[in-house]
Each structure stands twice: as structure tokens, then as C-alpha cells.
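For reference, the structure is listed below as C-alpha cells.
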């Protein structure tokens, strides 16, 4: 979703009018660019939303990320005068320590300012975030919002710390061609401007923000309450199967299964497709066994991912084109190769296909995996958990993906699919889908 926003030229006292970054004369507009939005989301097309305060900006951030960020640096990118990409990362740990009065970092800052090591840490973080922003070619500028929860130093001290850090971040963004229009510090529900168009006599210093979830924008963007109450700091627990001493079941080797029993593979993929198309249903024990058995073969697992991203026909044609499925399977499934489907299937695992994924089907995959995970075993449990890691990663929610990965690796330390995903998540990479406006996920796709 895109939101237009313009700057006023002058600041005003908070009791008189909104800050200069927010306007009350030009309505904002939302443009839904996804091709596979739900009926509820389509009804938002053409609606115009009016921003009247910082709470509206935070409402947009929460509804884009799917949770209320805390102890975070949030970067809102602009394409001209339209809000586009939202990037969130944890506040650097050293910066959090500098905002607490009982830490050596805070005392050191009072005497010497930021140290060389701290500056290098901020430079690296700024460069990494800037690299993400410039991947969207339409990005022209950005707004930085520093959200700090545990601030025990004085307001003047906090402003000095954040001002010094922000100067480093802003310089890095500027070097990459993404100038910082404004920078905000928010703690204890109060807003301070660190950088703004009016550099002198800025009156936005300690203005109360208000509740983002009470805004009209939040109510429109989160009509079913999918985001309300969600924070990225709350514990997210995966429900694993109980430990079992029994050995994993033995199935045919992958090549033998695809060549000599293609009907079995097709049946299993069709069962997955039915669940993704109609939503998870109450499953019979035999159906659970078939769904889990399919995951144990990497090519079939990849076909399930492609089925979730697109549809079963695309997945089958793509796998045949990539020669992951043999000719015997193609004959039984009555499909032929298709170059475009092959490219889409090849790129979907890394979340970088040009073809836009069907986020509604991926949401059903998420529901089904949560249903199957407690019923899985040593052979399939790591893969089911890995699918949940992958879903959060391609959504652009790396912090949640990393937490799921930590839990899953502890329970299934030798699972190869989890090891593969660890390379994606821990490289701090972001899936291309999440960085493109036309393909990015938002929580309303699950509504």
C-alpha cells in the first residue's frame, strides 16, 4: 500500500496544529497493487486517508509490519511523496545501553561522546539498511523513527545520544542517495525531533504521540484485529511434537518414488493443494501421514512451496522444466515443460521470483504447518518448522524468522532444510518480494 505525504514549510506548537511533516489539508491515498488481494482488501481501493499526527504514521508502520515495534530503528522510505517500504531493525545494543543511566556506555558518552567502535557499528548498520532501501529503485528519501523503550537518562542526554547516532546513520543514507527528511525519537510515548525541515526553533520536543491503534487509519488497515496487540518482543513459541524414541519411518528414496510411484507423489501434492486452496480442514490420520511424508523428499518439498506460492499446475510444470521431476512423472501428471513456470518455481524458494506470490495461499500454508507441526516426527518436524521460518522470512519479518529458526534448530539440530534456511536468515538478507512494492506482503493478506 502506498500513502502520499507532503511537508509543510513551518513548525507550529503542538497545541496549535500538527508537526510540519504531517499535513491536514492534502488527503493521503492508498493504492493496493497486489493482484491476489482478498475481497476485503480490494474494497480499500480508491479510499483516501488523512494523516493528522505521528500516531497515524505509527499506525501505518504497525499495519505494514504486522506488529508494534519496540527498541527499534524504523525506516520509512518515500517514493516521491508516497510512503513505500518500511524497514525495521533492532536498535544497536550499544545505543540501548547509552540510553540507560546505569551503564558504562552512558557514562563514557557524557565524558567523550560516541567512541570509534560505536561509530563504526553505526556506520555498518546504516550501510546495511541503506543497501536495502536502494534495492527499491523508486526510493527518493526516508523518515527515521527511533523507538526506545528503556530510557532512564534525562531527556537532554537522550537527545544528545540519539542526535550523535542519527548523524552517523543519516550520513550513510545520504552517501547511498537516500536523504533523511526527518528523524524522530519516541520514548515513553513522547516524540522529539532529531532532524527536520525547520532546523531552528523546532517545537516538537516532548509532544505526546497518542495511541496508533485508536486512529482511523489503523481501524481501516486492520479491520479484523490481526495486528492489534501484536509486538515483536512477545514470546513466539512453536509447538513441537513430544520427544519420541522411535526411529524415523522409512520411505522410498526420492528418485525411486518419482520414477516408480509417480501416482503417489501426485496424490500427495493434490492433497496439499486442496488444503491450500480451501483452507486447512480436520484431517484423518492417514491424510496427516501423507502430507508429512511428502515433505521428506526435497524435490517434492520444493513443489509444495511452489504450489503454495502459485498453484499446483505451475508447480508441476516448473518442476518438470527444471528436470527435478522425471519424464515418468510428467506423463502421469499430463504436464509439459514451461520456461516461465520453471523460472518462477526456481526463484520462489529464495523469495525473488518476478511472478507475484499468492499471499492468501501462503497464509493457508502457515495455518496448515501450525496444525501439522505437533503431529510430525523426526523426519518431517524440522521441515514443517522450516516452512514457518521461510514464510516469515519471505514476508520480510526477519526477526520472527530468526526466533523460529532458533527454536527449530534446538529441536531438530541436524535438519538440512533448517540449515539451508539459516544461510538465508542469518546473512541478514531480505527476500526480494519484501523489497518490491508490488509483491510485498502485509497482514491484511491474511484477513
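Residue numbers (our numbering): 3 to 449.
Quick reminder that beta carbons are idealized off the backbone N, C-alpha and C, glycines included.
These numbers were taken from a predicted model, which means no experiment stands behind them.
Query                                                                                                              : Result
Segment contact, 8 Å Cβ cut-off, at least three pairs: the region 385-393 with the region 297-308                  : yes
Whole-angstrom distance between residue 274 and residue 115, CA atom to CA atom                                    : 58 Å
One or two residues paired with residue 188 in a DSSP bridge                                                       : 149 and 193
Residue 331 (DSSP reduced to helix, strand or coil)                                                                : helix
Three-state class that DSSP yields for residue 312 in the structure shown                                          : coil
Distance CB(residue 121)-CB(residue 77) smaller than 9 Å                                                           : no
Bridge-paired residues (DSSP) for residue 207                                                                      : 194
For residue 72, the three-state DSSP class (helix, strand or coil)                                                 : coil
Spatial distance of residue 394 from residue 290 (CA atoms)                                                        : 23 Å
Range of the contiguous alpha helix (DSSP H) that encloses residue 159                                             : 157-177
DSSP-derived helix/strand/coil call for residue 411                                                                : helix
For residue 229, the three-state DSSP class (helix, strand or coil)                                                : coil
Bounding residues of the alpha helix (DSSP H) (the contiguous stretch that carries residue 427)                    : 418-427
Residue nearest to residue 213 in terms of C-alpha spacing, selected from 56, 283, 239 and 87                      : 56
Residue 357 in three-state terms, based on DSSP                                                                    : coil
Cβ-Cβ distance between residue 168 and residue 146 below 9 Å                                                       : yes
Alpha-carbon spacing of residue 486 relative to residue 60, whole angstroms                                        : There is simply no residue 486 to check, as the chain begins at 3 and stops at 449 in what is shown.
Proximity to residue 176 [Cα-Cα], best of 135, 207, 159 and 152                                                    : 135
Classification of residue 412 by the beta-carbon crowding that lies within 10 angstroms, buried from 16 upward     : exposed
Among 309, 333 and 241, nearest to residue 262 - alpha-carbon criterion                                            : 333
Status (buried if at least 16 other CB within 10 Å, exposed otherwise) for residue 368                             : buried
Rounded straight-line distance, which links the Cα of residue 148 to that of residue 183                           : 14 Å
Endpoints, the alpha helix (DSSP H) within which residue 99 is located                                             : 95-100
Residue 299 and residue 267 closer than 9 Å at C-beta                                                              : yes
Closest residue to residue 110 among 93, 162, 73 and 65 (Cα-Cα distance)                                           : 162
Residue 144 - partner residues in DSSP beta bridges                                                                : 79 and 182
Per-residue burial, residue 437 [other beta carbons within 10 Å of its own, 16 or more giving buried]              : buried
Local conformation of residue 89 per DSSP, three classes                                                           : strand
Per-residue DSSP class, three states only, for residue 245                                                         : coil
Local Cβ density within 10 Å of residue 226, reported as buried at 16 or more and exposed below that               : exposed
Short Cβ contact (9 Å threshold) for residue 89 with residue 62                                                    : no
Distance between residue 419 and residue 286 (C-alpha atoms, nearest Å)                                            : 26 Å
Under 9 Å between C-beta atoms of residue 160 and residue 189                                                      : yes
Cutoff 6 Å; reference residue 229; Cβ partners in own chain excluding five residues on either side                 : 64, 65, 68 and 445
Outcome for residue 422 when other beta-carbon atoms lying within 10 angstroms are tallied against a minimum of 16 : exposed
Three-pair Cβ contact test at 8 Å for the region 93-109 versus the region 149-159                                  : yes
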